[in-house]
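Number of protein chains: 2
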Amino acid sequence: MAEGVKKKRSAGRPRRLDPETIVATARRVIEEEGVDAVSMRRIAKEVGSTPMALYHYVRDKDELLLLTLAGVSAAIPRPELPVDPRARLIAVSAHMHGVLGRMPWVLKVLALGDLTDKQALWMAEEILDSAMACGLSPAQAVHAYRTIWHFVYGDLVFRAAMARRREEPERRRYFPAMLTEDDRAELPHLTALAPRWDELQEYDVTEQLSAIVDGLLSRAHGAAAPDRAEGTDGAEGPDRTGGTGGTGGTGGTGEIDAPDRRA
Amino acid sequence: MAEGVKKKRSAGRPRRLDPETIVATARRVIEEEGVDAVSMRRIAKEVGSTPMALYHYVRDKDELLLLTLAGVSAAIPRPELPVDPRARLIAVSAHMHGVLGRMPWVLKVLALGDLTDKQALWMAEEILDSAMACGLSPAQAVHAYRTIWHFVYGDLVFRAAMARRREEPERRRYFPAMLTEDDRAELPHLTALAPRWDELQEYDVTEQLSAIVDGLLSRAHGAAAPDRAEGTDGAEGPDRTGGTGGTGGTGGTGEIDAPDRRA
DNA sequence: ACCTGAACACCGTTCAAGT
DNA sequence: ACCTGAACACCGTTCAAGT
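Heads up: the protein sequence lines correspond to chains A and B, in order.
Heads up, the first sequence is in UniProt numbering, so the first residue is 1 and it goes up one at a time.
Heads up, the second sequence is in UniProt numbering, so the first residue is 1 and it goes up one at a time.
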């Protein structure tokens with residue numbers, strides 16, 4: 001609204017449109033009216049241009065949506081995390097859930113791909129780091145990361161669906177309501193729990209996350225890769241094979257069987 | 001295509017349209033061309049009618065989509081399940097994952113609500129039953145059900161996204177690819193694992209499910225609600241209160257406090 | 001290089017009529 | 001009760017021009 005000053009144009013080039021304004025406008029529209037309110041035509045009108053002009057800056061609508069993601073997490077303060085790796089794992093996961101819960105539109109866009117915002121990657125890094133500090137192998141840590149992320153994502157989707165349904169005037173006959181006495185024989189638990197379903201359903205995400213984490217960590221030294229419990233050596237140190245990747249092996253497998261970046 | 005015979009019309013009423021054909025047509029279109037191919041206009045054309053005629057049978061497009069769900073699971077054979085409750089819990093969850101993985105369109109529609117197909121409820125029932133047989137309280141069992149479902153859902157969404165991305169001609173710069181050497185200091189694990197990310201990412205769902213289940217079950221007699229450890233009474237056998245639900249108590253713990261309006 | 005206008009092939013849904 | 005037609009207010013994207 002009250003911006004007034006337009007971006008300084010570098011001397012003689014009067015480029016009337018620029019990618020930043022386009023993306024910023026799209027983000028504003030999304031935040032104000034939801035993802036579905038975004039259309040090429042709408043954004044074009046909003047920036048005082050024509051739909052086709054946008055196609056000089058983005059390949060298609062999906063790309064525009066993906067671009068709105070970049071930078072959103074920069075605004076979010078990075079929380080203090082516990083040092084204990086298990087607690088840290090849970091805390092980061094809960095943080096991820098909390099942040100996304102407050103910006104539900106991000107979910108819809110994320111389904112188009114995966115993490116696309118560099119500013120958000122510290123969460124994945126932190127999860128990998130604490131998982132490995134708890135004794136998981138790199139592969140197990142990646143799996144743990146995905147399992148946690150999938151749960152968080154699924155939880156948020158259905159949380160949103162539930163909220164939507166709550167404010168729907170005439171509720172459709174969804175799950176618990178569709179059960180009748182006749183179903184008691186086939187579905188005894190469901191029928192019995194149906195009246196209290198909505199309230200029973202509510203849980204504390206952190207509790208569930210902590211259960212999931214426990215399950216994932218229980219695989220630590222088990223089965224395949226025992227990799228000596230160096231868990232607690234959690235020293236940072238960005239050294240990682242020294243220089244600019246001169247070591248042919250990309251330092252990669254250094255990660256696989258010895259995340260040993262000591263200080 | 002080659003159907004020829006139209007549904008028998010009950011004598012004199014020449015209702016040209018009926019809900020069953022509408023829904024069946026929608027389902028066919030979805031299966032052949034995906035959810036996005038469904039439009040009121042398209043379905044109308046397909047059944048030889050006009051868009052507005054459909055509105056006499058469904059409230060709106062969402063309702064039509066939801067209706068296509070009903071009955072899909074009837075076609076899927078119910079698998080044999082292990083008797084051991086923990087194994088059963090995992091098996092049902094994996095079955096759910098497998099079935100939905102083969103009908104990805106169902107996912108999109110499910111996000112509109114929750115389970116809507118009565119024929120699919122046996123899975124929820126089975127999860128509740130085995131969770132409680134493992135010692136979880138009814139509330140914990142419901143939470144376990146949701147946690148599992150959220151994970152399964154999230155996993156499938158990103159599995160689909162990955163598949164889509166794989167067959168995209170020019171891959172966009174998604175997560176692992178966007179990392180450079182400069183990020184190594186901030187994101188050491190991620191940078192190190194990036195080259196192998198796609199392969200590391202792949203996991204066996206059943207393994208992850210089994211870890212999750214372990215975590216959830218570890219809460220059995222723990223912390224807050226000890227509710228007399230009736231856990232191991234898991235009298236398996238499919239008998240479940242014997243006959244047609246005549247025993248008011250529905251077996252179990254009487255499910256909370258016995259909502260027992262018996263037959 | 002950057003932008004416009006017209007056009008193509010669509011949408012969901014409302015409203016006023018028809019039988 | 002069941003169905004139609006026209007209309008409203010939209011879509012994403014292609015194509016051929018303009019400057």
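C-beta: ideal position from N, C-alpha, C; glycine also.
Item: Residues within the stretch 114-140 of chain A neighbouring chain B, beta-carbon criterion of under 8 Å; Value: Asp114, Leu115, Thr116, Lys118, Leu121, Trp122, Ala124, Glu125, Leu128, Asp129, Met132, Pro138 and Ala139
Item: Alpha carbon of aspartate 182/B to alpha carbon of proline 195/B, nearest angstrom; Value: 15 Å
Item: Endpoints, alpha helix (DSSP H) assigned at serine 39/B; Value: Here serine 39/B belongs to no alpha helix (DSSP H), and DSSP marks it neither H nor E.
Item: Short CB-CB distance (under 8 Å) between aspartate 214/B and chain A; Value: yes
Item: Proximity winner among Val109/B, Trp105/B and Gln140/B, relative to glutamate 199/A (alpha-carbon distances); Value: Gln140/B
Item: Other residues of its chain near arginine 219/B: CB distance less than 8 Å, five sequence neighbours each side excluded; Value: Leu136 and Gln140
Item: Cutoff 8 Å: aspartate 198/B Cβ touching any chain A Cβ; Value: no
Item: Host alpha helix (DSSP H) of leucine 69/A (start-end); Value: 61-69
Item: Any C-beta of chain B under 8 Å from that of serine 218/A; Value: yes
Item: Among His143/A, Tyr203/A and Arg166/A, nearest to glycine 215/A - alpha-carbon criterion; Value: His143/A
Item: Run of the alpha helix (DSSP H) containing methionine 132/B, from where it starts to where it stops; Value: 121-133
Item: The stretch 84-104 of chain B touching the stretch 47-65 of chain B, judged by at least three CB pairs closer than 8 Å; Value: no
Item: Within chain A, the residues that aspartate 155/B reaches when beta carbons sit closer than 7 Å; Value: His150
Item: Interface flag, leucine 100/A vs chain B, CB-CB below 8 Å; Value: no
Item: Residues that histidine 189/B contacts on chain A, provided the C-beta gap is smaller than 8 Å; Value: Glu125, Leu128, Asp129, Met132, Pro138, Ala141, Glu255 and Pro259
Item: At least 3 beta-carbon pairs within less than 8 Å: the stretch 89-100 of chain A vs the stretch 49-58 of chain A; Value: no
Item: Neighbour flag for alanine 91/A against chain B, beta carbons, 8 Å; Value: no
Item: Alanine 177/B versus leucine 66/A: straight-line alpha-carbon distance, rounded; Value: 15 Å
Item: Neighbour-count burial assignment, glycine 34/B, 16 or more Cβ in a 10 Å radius; Value: exposed
Item: 8 Å Cβ cutoff, leucine 193/A in contact with chain B; Value: yes
Item: Extent of the continuous alpha helix (DSSP H) run through residue 284/A; Value: Summary: the structure shown does not reach residue 284/A, with chain A confined to residues 1 through 263, and so no result is reported for it.
Item: Close beta carbons around glycine 242/A, own chain, < 7 Å, minus the five adjacent residues each side; Value: Note on glycine 242/A: pLDDT 31, under 50, position unreliable in the model; no value is reported.
Item: C-beta contact flag for glycine 101/B and tyrosine 153/A at 8 Å; Value: no
Item: Buried or exposed by the 16-neighbour rule on C-beta atoms within 10 Å, applied to glutamate 41/B; Value: For the sequence presented, residue 41/B should be read as arginine rather than glutamate. When all chains shown are included, arginine 41/B counts as exposed.
Item: Valine 106/A - containing alpha helix (DSSP H), residue span; Value: 104-110
Item: Under 8 Å between C-beta atoms of residue 278/B and aspartate 117/A; Value: No answer is possible for residue 278/B: it lies beyond the span of chain B, which begins at 1 and ends at 263.
Item: Among Val213/B, Trp122/B and Leu81/B, the one whose alpha carbon lies nearest that of cysteine 134/B; Value: Val213/B
Item: Counted within 10 angstroms of its Cβ, other Cβ atoms place glutamate 80/B as buried (16 or more) or exposed; Value: exposed
Item: Close-in-space but distant-in-sequence residues of the same chain around tyrosine 203/A (CB under 8 Å, 5 per side omitted); Value: none
Item: Alpha helix (DSSP H) segment containing arginine 78/A, residue limits; Value: No alpha helix (DSSP H) holds arginine 78/A; DSSP gives it neither H nor E.
Item: Same chain, Cβ closer than 6 Å to arginine 16/B, neighbours up to 5 away in sequence not counted; Value: none
Item: For aspartate 204/B, three-class secondary structure by DSSP; Value: coil
Item: Test: arginine 146/A CB closer than 8 Å to a CB of chain B; Value: yes
Item: Run of the alpha helix (DSSP H) containing glycine 34/A, from where it starts to where it stops; Value: Where glycine 34/A is concerned, there is no enclosing alpha helix (DSSP H), given that its DSSP letter is neither H nor E.
Item: Against chain B: residues of the UniProt DNA-binding region "H-T-H motif" (39-58) of chain A by CB proximity under 9 Å; Value: none
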